[in-house]
Amino acid sequence: MALRFTTAGESHGPGLVAVLEGLPAGLGLSPDDIDGDLARRQLGHGRGGRMKIEQDRAEVTAGLRHGRTLGSPVALRIQNRDYANWEERMNPWPVAADVEEVHLPRPGHADLAGVQKFGFQDVRNVLERASARETAARVACGALAKAFVRELGVVVASHVLRIGSVEAPARDPLGSEDFVGVDESPVRCLDPEASAAMVAEIDAARKANESLGGIYEVVAFGVVPGLGSHVSWEERLDGRLAQAVMSIQAMKGVAIGDGFELAGRVGSQAHDEIFFSDDRGYFRETNHAGGLEGGMTTGDPLVVRGAMKPLPTLTKPLRSVDIATREPAQALRERTDSCTVPAAAVVAEAMAALVVASAYRDKFGGDHIGDVTKAVGAYEERIGWRR
Ligand code: EPS
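As structure tokens, then:
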């Protein structure tokens, strides 16, 4: 059974919920597995006032007993503490108060297309769900997926490569140990000098009433060769990863491995030559392909980059139109973050983990975690794969 998840919840409504189906039974989990990642998603220089209000915790309401999965859907709930300030405006039921509608769509947000599509008069009916608050629920599901793949020897990590005009210097290929202190950087960047420059750039942007985007990279270490498949388009793992990462709010680009840079290289500089030794089995000395060839994993680290646009809620709003009067107006001005690239990288870790976990479920099945580890071990032995 493939892994499937769904989320529900509005940004200032009572809370978020998520249901993740398809984990095997017997997988050990702790509250910290989930809450640790929820806390990491709240970090990062450039966050706005909302993060001082929220302290995300997942309440698991189904699918677990005494810290082990039951093989049934796992359901969880994350409270929106800010709902206390929005009870009238976001109450699921009618209220006596006269709640003011929002008529000023923000360029770059879901607002205008959303009201057109759903026939709303009030932009809030769209923006509440379009908000990246929803990514807390994704991260909770991703933490469960990470715990599953961790049992199979897979570690998923991320770091920030660029914020605005500041780029971290290129590095030698990274190992999972290189990511140990990454959350200590206020922008989750591995290079201390670039981190400091990114912080300064965010501060300057905020002062100028601007927002900033950037680029992050997710790496999954220890993934077996042969997940995904070349035989049909929807099974190609590169396509599934790209969809999952692109679906994160505010993403505008996704690349696998060297991605767009490969387009400008000659073939001999673009591919990863294959070697064999008794010690290592098949191996490569480079990983331009980002661990994916023909839509299948190669056994090298899986490398996915995401490009995030600057957030479209601006403290100095862009020009727009009042949808009630059709007169020119300034877009909605709301409390906002100035940069959320560090958080987006944590969300992308979750999405990548969910795709990888789902591919393991597709290939190896198994009702109990012990069945899965046994099947993966037998396959690793058959192909002679060594981590
Ligand atoms: C968001 C706007 C801000 C962010 C929010 C996403 O919320 P607010 O409008 O309440 O200030 O803080 O992100 C989160 C709440 C979160 O948990 O990440 C938006 O418009 O997308």
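Letter by letter, the sequence shown follows residues -1 to 385 in our numbering.
Note that CB positions come from ideal geometry on N, CA and C, so glycine has one too.
Just to confirm my understanding: we take residue i, look at its own chain, exclude 5 residues before and 5 after, and list those with CB closer than 7 Å. What are they?
i    : result
L25  : R66, T67, A145, F146, E149, I367
S174 : V153, A155, F219
T371 : E149, L150
V137 : D35, L36, R39, V344, V345, A348
P105 : P310, L316, S318, A329
D298 : R282, N285, G289
R331 : T313, P315
R384 : R278, G279
I51  : R79, D80
CB-CB under 6 Å to residue i, same chain, minus the five flanking residues each way: which ones, in chain order?
i    : result
S70  : G61
P340 : G42, V158, V185, R186
T133 : V345
P308 : S209, L210, G211
D170 : none
F177 : A155
K314 : N207
V130 : Note that residue 130 is Ala in the sequence shown here, rather than Val. Excluding positions up to five away in sequence, the list reads Q247.
A240 : V252
W84  : H10
V243 : V252, V302, G304, A346, M349
S230 : none
For residue i, which of the options has the nearest alpha-carbon?
i    : options                : result
R48  : G237, H10, F362        : H10
A135 : A322, M88, E57, G179   : E57
Y214 : L110, D335, A166       : A166
M349 : T334, R303, D335       : R303
A141 : V17, M244, G293, V178  : V17
V353 : K205, E233, E325, V113 : E233
A195 : V178, G179, I161, A206 : I161
I76  : E19, D181, Q53, H101   : Q53
S163 : L110, A192, L188, D276 : A192
G44  : D181, T334, D365, A143 : T334
I321 : A351, V121, A376, L188 : V121
V216 : D201, G364, D256       : D256
A0   : D365, R380, G112       : D365
R79  : R55, D276, G251        : R55
E199 : L188, G363, S336       : S336
V397 : G46, A202, A355, L14   : Missing from the structure shown is residue 397; the chain here goes from -1 to 385 and no further.
R2   : P22, V264, L14         : P22
E387 : A6, L102, P92, G224    : Shown here, the chain extends from -1 to 385; a query on residue 387 therefore has no answer.
L27  : L172, T59, V93, R63    : R63
A268 : P190, D201, S230, I254 : I254
R204 : G46, A376, V264        : G46
G13  : V197, E19, D30, A82    : A82
L172 : S183, F274, D189       : D189
R359 : S245, G265, F118, G20  : G20
Is residue i close to chain C, meaning its C-beta is less than 7 Å from at least one C-beta of that chain?
i    : result
R104 : No chain C is part of this structure, which consists of one protein chain only.
Can you name the residues that DSSP bridges to residue i?
i    : result
T5   : A16
F274 : Y280
F219 : V153
Q77  : G13
R87  : According to DSSP, R87 bridges with nothing at all.
I161 : V164, G212
R317 : Q328
E57  : R75
G226 : M294
I254 : V302
T323 : DSSP, once it has assigned bridges, lists no residue as partnering T323.
R148 : None; R148 has no bridge partner.
G69  : Looking at the DSSP assignment, G69 forms no beta bridge with any residue, so it has no partner.
G26  : R66
M249 : M306
Assuming residue i contacts residue j (C-beta within less than 8 Å), just tell me the rounded distance between them.
i    : j    : result
A73  : E86  : Between E86 and A73 the Cβ distance is about 28 Å, and since that is not below 8 Å, they are no contact.
M431 : A305 : Outside the modelled stretch of the chain, which goes from -1 to 385, sits residue 431, for which no answer is possible.
G382 : A373 : Rounded, the Cβ-Cβ distance is 16 Å, inconsistent with contact.
A143 : V124 : With a Cβ gap of about 29 Å, A143 and V124 do not count as contacting.
G112 : A128 : 7 Å
Is residue i close to ligand 2? I mean its beta-carbon at under 6 Å from any heavy atom of the ligand.
i   : result
R79 : Ligand 2 is absent from the structure shown, which contains only ligand 1.
Return the chain-ordered list of same chain residues with a C-beta closer than 8 Å to the C-beta of residue i, the five sequence neighbours on each side being excluded.
i    : result
G226 : E233, R234, L235, D236, R238, L290, G293, M294, T295, A357
E457 : An answer regarding residue 457 cannot be provided, because it is not within the stretch -1 to 385 covered by the chain.
E126 : E8, S9, H10, G11, M88
V97  : E86, R87
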